[in-house]
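Asker: Chains as they are written, first to last, in our numbering: chain E, 1 to 139; chain D, 1 to 83.
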Amino acid sequence: MDDLIKLDNLPLRVEQVCDLVSAPENGAITTFTGTVRSSTGGRSVSGLDFEAYAPMAISEMKKIADYAREKWNLSAVAIHHRTGKLNIGEIAVIIAVAAPHRASTFEACQYCIDRLKETVPIWKKEYFSDGEVWVSAHP
Amino acid sequence: MEKVKIRLLFFGITHDITNCREREEELSDGATVATLRDELMETYPGFRELRSFAVAVNEEYAAEDVELKERDVVAIIPPVSGG
Chain E
1 MDDLIKLDNL PLRVEQVCDL VSAPENGAIT TFTGTVRSST GGRSVSGLDF
51 EAYAPMAISE MKKIADYARE KWNLSAVAIH HRTGKLNIGE IAVIIAVAAP
101 HRASTFEACQ YCIDRLKETV PIWKKEYFSD GEVWVSAHP
Chain D
1 MEKVKIRLLF FGITHDITNC REREEELSDG ATVATLRDEL METYPGFREL
51 RSFAVAVNEE YAAEDVELKE RDVVAIIPPV SGG
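1) Pull the bridge partners of glycine 96 (chain E) from the DSSP assignment, please.
2) Pick helix, strand or coil for glycine 47 (chain E), following the three-state DSSP scheme.
3) Does the beta-carbon distance from phenylalanine 11 (chain D) to alanine 75 (chain D) come in below 8 Å?
4) Assuming the contact rule is C-beta atoms closer than 8 Å, valine 120 (chain E) and glycine 30 (chain D) should be a hit. Round their C-beta distance to whole Å, please.
5) With a cut-off of 8 Å, do at least 3 Cβ pairs link the region 46–53 of chain E to the region 97–107 of chain E?
6) Start and end of the beta strand (DSSP E) containing alanine 56 (chain D)?
7) Taking C-beta pairs closer than 9 Å, name the residues in chain D that valine 120 (chain E) reaches, listed in chain order.
8) Let me know the secondary structure DSSP gives aspartate 19 (chain E) once reduced to three states.
9) Answer yes or no: does any C-beta atom of chain D fall closer than 8 Å to that of valine 14 (chain E)?
10) What residues from the region 1–13 of chain D come within 9 Å of chain E, judged by C-beta to C-beta, listed N to C?
11) Does the distance from the C-beta atom of proline 11 (chain E) to that of glutamate 90 (chain E) stay below 8 Å?
12) Please list, in chain order, all residues of the same chain as glutamate 25 (chain E) whose beta carbon is under 8 Å from its beta carbon, the five residues on each side excluded.
13) Checking 8 Å against the spacing of the C-beta atoms, do alanine 68 (chain E) and leucine 4 (chain E) come in under that value?
14) Chain E beta carbons: is any one of them nearer than 8 Å to that of leucine 68 (chain D)?
15) Which runs of the beta strand (DSSP E) fall wholly inside the region 99–128 of chain E and span at least 3 residues, in chain order?
16) Going along chain D in order, which residues have a C-beta closer than 9 Å to the C-beta of histidine 81 (chain E)?
17) Give the residues from the region 47–78 of chain D that approach chain E closer than 7 Å (Cβ to any Cβ), ordered along the chain.
18) Could you pull the DSSP bridge partners for valine 4 (chain D) from this structure?
19) Helix, strand or coil: how does DSSP classify isoleucine 91 (chain E) here?
20) Does the distance from the CB of isoleucine 6 (chain D) to the CB of glutamate 25 (chain D) come in under 8 Å?
21) Applying the criterion that 16 or more other CB atoms from any shown protein chain within 10 Å of the CB defines a buried residue, is methionine 56 (chain E) buried or exposed?
22) Given a limit of 8 Å on CB to CB distance, which residues of the region 68–80 of chain E reach chain D?
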């Protein structure tokens, strides 16, 4: 159960997260995978670094998963977020939601990633050829 | 006047601004999240340039009027950017 919500400083794998929510009664698993983009606002990104307030990040991700499970009658929700240094194309986050039928899973999955970006205490520092920036810190 | 001692944690850009990840801080008895926010903005001009910052007390987001107590773990949460 605790594996469903996780911070990991090692590469994430979609299949592994799907396996966590897979069950005979589930006919649908919808996933979201967030990856590291090569540019931001026209500037070329060389890599990034995720810092997390680990215990609170876990508890906030659990709140999101619990709320979504309840609201959309899901069987299971898994959220894995990477920490540490990542290269372009690497996976930053994977969300997998499972339910007997697909209808509710799309909206639920979108809610989870949107909410994660608002409340979970994780910070992204982007590295450029000529410097580094904490994303969203300044107006 | 009595003092309360809290544990302060700084994350993301606030760690860069303060050049500190974690330290103890003494506040006046009765100090709230708002009091701490004002003190930080006074001490570190960099805090005033941020879009915003939240404060978590013992791993939960806290409102401005929450009173800080002895041994609270208080985290400064600049705008998050996970995902």
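No residue lacks a Cβ here, since even glycine has one placed at the ideal position from N, Cα and C.
Answerer: Considering the structure as presented:
1) The count along the first sequence starts at 1 and reaches residue 96 (chain E) at position 96. The residue you asked about is not glycine; residue 96 (chain E) is alanine in the sequence shown. Looking at the DSSP assignment, alanine 96 (chain E) forms a beta bridge with E:Thr31, E:Ala78.
2) On the first sequence, residue 47 (chain E) is found 47 positions in, with the first residue counted as 1. In the structure shown, glycine 47 (chain E) sits in a strand (DSSP, three-state: E or B).
3) Walking along the second sequence from the start, residue 11 (chain D) turns up at place 11. Walking along the second sequence from the start, residue 75 (chain D) turns up at place 75. It is a contact, given that the beta carbons lie within the stated cut-off.
4) Here residue 120 (chain E) is taken as the residue at index 120 of the first sequence, counted from 1. Here residue 30 (chain D) is taken as the residue at index 30 of the second sequence, counted from 1. Not a contact, Cβ separation roughly 31 Å.
5) no
6) By 1-based counting over the second sequence, the position of residue 56 (chain D) is 56. It spans 54–57 - the beta strand (DSSP E) in which alanine 56 (chain D) sits, taken as one unbroken run.
7) The residue you call residue 120 (chain E) lines up with position 120 of the first sequence. Going along chain D in sequence order, the residues near valine 120 (chain E) (Cβ under 9 Å) are Val80, Gly82, Gly83.
8) If you number the first sequence from 1, residue 19 (chain E) lands on position 19. Helix at aspartate 19 (chain E).
9) Looking up residue 14 (chain E) in the first sequence gives position 14. So no, valine 14 (chain E) is outside the interface.
10) Leu9, Phe11, Gly12, Ile13
11) Numbered from its first residue, the first sequence carries residue 11 (chain E) at position 11. Numbered from its first residue, the first sequence carries residue 90 (chain E) at position 90. Yes, Cβ-Cβ distance for proline 11 (chain E) and glutamate 90 (chain E) is below 8 Å.
12) Position 25 of the first sequence holds residue 25 (chain E). Answer for glutamate 25 (chain E): Ser75, Pro100, listed in chain order.
13) Taking the first sequence and counting its residues from 1, the one referred to as residue 68 (chain E) is at position 68. Taking the first sequence and counting its residues from 1, the one referred to as residue 4 (chain E) is at position 4. Their beta carbons are not under 8 Å apart, which means alanine 68 (chain E) does not touch leucine 4 (chain E) by this criterion.
14) Position 68 of the second sequence, counted from the first residue, corresponds to residue 68 (chain D). It does not: the Cβ of leucine 68 (chain D) has no partner Cβ on chain E nearer than 8 Å.
15) If we require 3 residues or more, the beta strand (DSSP E) runs fully inside the region 99–128 of chain E come out as 122–128.
16) As a first step, residue 81 (chain E) is located in the first sequence; it is residue number 81 there, counting from the start. At a C-beta separation below 9 Å, histidine 81 (chain E) has these neighbours in chain D: Gly82, Gly83.
17) Glu49, Leu50, Arg51, Ala56, Glu59, Ala75, Ile77, Pro78
18) Along the second sequence, one-based indexing puts residue 4 (chain D) at 4. Looking at the DSSP assignment, valine 4 (chain D) forms a beta bridge with D:Leu27.
19) Start at 1 with the first residue of the first sequence, and residue 91 (chain E) comes out as number 91. Isoleucine 91 (chain E) falls in the strand class under three-state DSSP.
20) For the purposes of this step, residue 6 (chain D) is taken as the residue at position 6 of the second sequence. For the purposes of this step, residue 25 (chain D) is taken as the residue at position 25 of the second sequence. Their beta carbons are under 8 Å apart, which means isoleucine 6 (chain D) touches glutamate 25 (chain D) by this criterion.
21) Residue numbering aside, residue 56 (chain E) sits at position 56 when the first sequence is read from its first letter. The residue is buried, with at least 16 neighbouring Cβ atoms inside 10 Å.
22) none
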